[in-house]
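Each residue of the sequence shown is one higher than the one before, starting from 1 at the first, in full-length UniProt numbering. For glycine and all other residues, C-beta sits at the position ideal for the given N, C-alpha and C. Below: one structure, written as structure tokens.
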Amino acid sequence: MAELISPQKKLTPQEMSDFESIFSVSIPDSFKDHYLKINGGFVSESDVEAELWGLPVNGFNPIKHGKLTIERLIEDIHEIKPNNGKNGVWGYKQFVPFSYDLGGNIIFISLKYDDWGEVHLYAPDGGNIINIDSSFTSFLRRLYKMD
1 MAELISPQKK LTPQEMSDFE SIFSVSIPDS FKDHYLKING GFVSESDVEA ELWGLPVNGF
61 NPIKHGKLTI ERLIEDIHEI KPNNGKNGVW GYKQFVPFSY DLGGNIIFIS LKYDDWGEVH
121 LYAPDGGNII NIDSSFTSFL RRLYKMD
């Protein structure tokens, strides 16, 4: 099974609670469970070459610990505004930018009412939004090839 390598310091339940409190709505339990087990990390080149990953994810941003944390990304990316207005705009703290693909594009969980919990990819250079999955749980199943 594929594994993330080089994670950051393990989160405590209190740190996860503090992280969740920065948003006005709850974040998916599956996201919290995943980050309490492993805080960020990268895909290993050997796992990629062995085709163990089900999605082209390059790594997960950590919470609280590390250089480029989710909290820092939230402060740096105030909104996600796709070129086509189909999905609307994700305002400040309406998304959790937790991961990135091989091209450095942001993968995030939506916290908006109409698509809460869905996982999307945002390609800022083209302003495109691509729906990856309907939930974080489903995203992890595809990523780790559990189905």
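{"Query": "Which residues in the same chain have their Cβ closer than 6 Å to the Cβ of F42, if we skip the five residues on either side of it in sequence?", "Result": "I5, S6 and G59"}
{"Query": "I'd like to check one pair, L143 with L55: are the Cβ atoms closer than 8 Å?", "Result": "yes"}
{"Query": "Between the Cα of S110 and the Cα atoms of Q8, K64, F139 and K67, which residue gives the shortest distance?", "Result": "F139"}
{"Query": "Going residue by residue through the UniProt domain \"Knr4/Smi1-like\" (10-142), where are the continuous alpha helix (DSSP H) segments of at least 4 residues, counting only ones entirely within it?", "Result": "13-20, 29-37, 45-49 and 70-76"}
{"Query": "Answer with buried or exposed for Q94, where buried requires no fewer than 16 other C-beta atoms within 10 angstroms of its C-beta.", "Result": "buried"}
{"Query": "Going by C-alpha to C-alpha distance, which of P13, D115, I77 and E20 sits closest to I106?", "Result": "I77"}
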